[in-house]
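One structure is given below, encoded as structure tokens.
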Amino acid sequence: MLMGVDGFALTPTANFLAYPRLHDECRFPPGWQLVARGEMIEALVLTAAVPDHALRTILAHIGDPLVPIVSLVPDERQGIDAAGQGEQFAWERAYAIQAKLRELPVSIRHSSEPEDILLARVYSRDQGLVPIHDPGLRDLVRYPVAGALDNVSELAAGLDNKGYLRRRFFDRLFCCPQCRSAHLSVREECHSCRSANISEEVVVHHFQCAHEAPESQFRSHGGFTCPKCARPLRHIGLDYDKPGSITRCFECGAINDKPAVGFKCIDCGAHHAPDQVPARTWYAYSLTAVGQRRVLRGAADESLPAQPGLDRFQLLLDHTRKEQREFGSPYQVANVTFTNRELIAEQDLRLWEQSLQLVGDTLHSALREVDAVREHGEGFLILMPRTGPHDAARALQLVAGRIRSVLKVDPGFRFTLVDDVVLEGLRSRQG
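In this text, residue positions in the sequence shown follow the UniProt record's numbering: the first is 1, and each later residue adds one.
Here's what the structure looks like:
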């Protein structure tokens, strides 16, 4: 890249909007053109601290979810592509993003599909979809590269299943089962009334009469006196020792060897026992070679071989449908649900999550290698190629028996064989 005056790189013409306004002393690179609202915008340059509502308004007016946004002042908000690293870096960053955007086909560059937008933002920013911790958000996690997109983790998971993104572990956070907030206070509390108004107190053991009690019951006029036999205790190790401690509750007076552990949600105030608090795993994502081809070609390439991350269930379903049309081969799709799901989860959410994982493992081990399993919001979908309804029902009854023998609880295994109309409805609700 050639360098022009004042250290700026020489670039082709690019239109930018300065907001609120460009200061008189502010310089911008050769080839850049300051335009007014209503004209084609290729970059938004923030020249001052802009309130959230004003930024939302100007972005809605621009209407381009991929436009680079750079700030000439420090700004760590979602979707800001460069800020606080100097004016020259901000201009160069805006141009680099626009250069990548010009490589995209129209079908991707101007797509309104969230998956296309997310892939295009990852590609044009030339960096992975990397989450960061943000205490200002209920989830405690956000993806800066995603801009204003909603449900980013769900979108990314879907793209990972299709092989367009590849995930790696970032963090595992507990969240409130009532409001899904990750703002949880983990605290020691009373076993009886669940109050956090507790205190740890040392236990004193009197050797001669074998009496044990909290230290506060032994204290008398600056020394120790046994409350049981009234003898004075003068020498630790000879008259008495302190073998441990207890927890006393100042609300209900209960005494326990150890405190309980509880979770309190800072956002909704709900209290939960540890076995009722689910964990959510967060991932960072990088664009795969298949994903890059998807972005640059504007459509899925049917000639590409199946990748390990692609949706095996959908690939097998499409192939099975072709077999049925060509050869008349039957196939069955079963929708598996659990009638005891809510009851078990209400009593012990961790137990249900572990049981559901065991169900998935059992399904994969009990079914044929050619069968495919996909989890959905209420259970599982099972695809059984070259299978009639009678054989499918018999196989699933055997699977139900296997599940009952593996699990500690009865999940209430139920299955129905569904047609394409019902199947598409289930899949659309999942998406």
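Glycine included, every Cβ here is placed at the ideal spot set by N, Cα and C.
This structure is a prediction, so every number in the text was calculated from the model and none was measured.
Contacting residues, own chain, Cβ-Cβ under 7 Å from residue i (five flanking each side not counted)
i	result
residue 191	254, 256, 260
residue 133	140, 141
residue 273	262
residue 258	247
residue 396	334, 415
Beta carbon of residue i nearer than 8 Å to that of residue j
i	j	result
residue 266	residue 185	yes
residue 43	residue 16	yes
residue 285	residue 129	yes
residue 331	residue 339	no
residue 264	residue 187	yes
residue 189	residue 195	yes
residue 91	residue 29	yes
residue 417	residue 103	no
residue 386	residue 329	yes
residue 313	residue 381	yes
Alpha-carbon spacing of residue i relative to residue j, whole angstroms
i	j	result
residue 75	residue 408	52 Å
residue 419	residue 124	41 Å
residue 402	residue 384	18 Å
residue 309	residue 120	Low per-residue confidence applies at residue 309: pLDDT is 42, beneath 50, and the placement is therefore not dependable, though the value from the model is reported in the following sentence. Each residue's alpha carbon lies about 19 Å from the other.
residue 109	residue 326	38 Å
residue 161	residue 250	52 Å
residue 56	residue 143	18 Å
residue 164	residue 292	7 Å
residue 60	residue 53	11 Å
residue 378	residue 87	51 Å
residue 271	residue 357	26 Å
residue 35	residue 14	10 Å
Distance cut-off 7 Å: residue i Cβ against heavy atoms of the ligand COA
i	result
residue 96	With respect to the ligand COA, the structure offers nothing, as it holds no ligand at all.
Residues near residue i in its chain [Cβ-Cβ closer than 8 Å; skip 5 each side]
i	result
residue 23	47
residue 209	226, 228, 229, 231
residue 355	344, 407, 408, 409, 411
residue 172	279, 280, 281, 282
residue 118	129, 146, 149, 152, 155, 156, 159
Residue i versus the options, residue with shortest Cα-Cα distance
i	options	result
residue 201	194, 217, 193	217
residue 279	402, 386, 39, 176	176
residue 404	384, 55, 360	360
residue 424	290, 323, 109, 334	334
residue 374	315, 84, 194, 94	315
residue 244	221, 366, 222, 213	213
residue 178	269, 417, 389, 199	269
For residue i, the first and last residue of its enclosing beta strand (DSSP E)
i	result
residue 97	Run containing residue 97: none in the beta strand (DSSP E); it sits in the alpha helix (DSSP H), 87-101.
residue 224	223-225
residue 120	Premise fails: residue 120 lies in the alpha helix (DSSP H), 114-125, not in any beta strand (DSSP E).
Continuous alpha helix (DSSP H) stretch holding residue i: start and end
i	result
residue 246	Taken as a continuous stretch (DSSP letters only), residue 246 belongs to no alpha helix (DSSP H), being part of the beta strand (DSSP E) at 240-249.
Sequence-distant residues of the same chain with beta carbon closer than 6 Å to residue i, five excluded per side
i	result
residue 170	131, 282, 283, 284
residue 166	286, 288
residue 62	41
residue 58	19
residue 399	366
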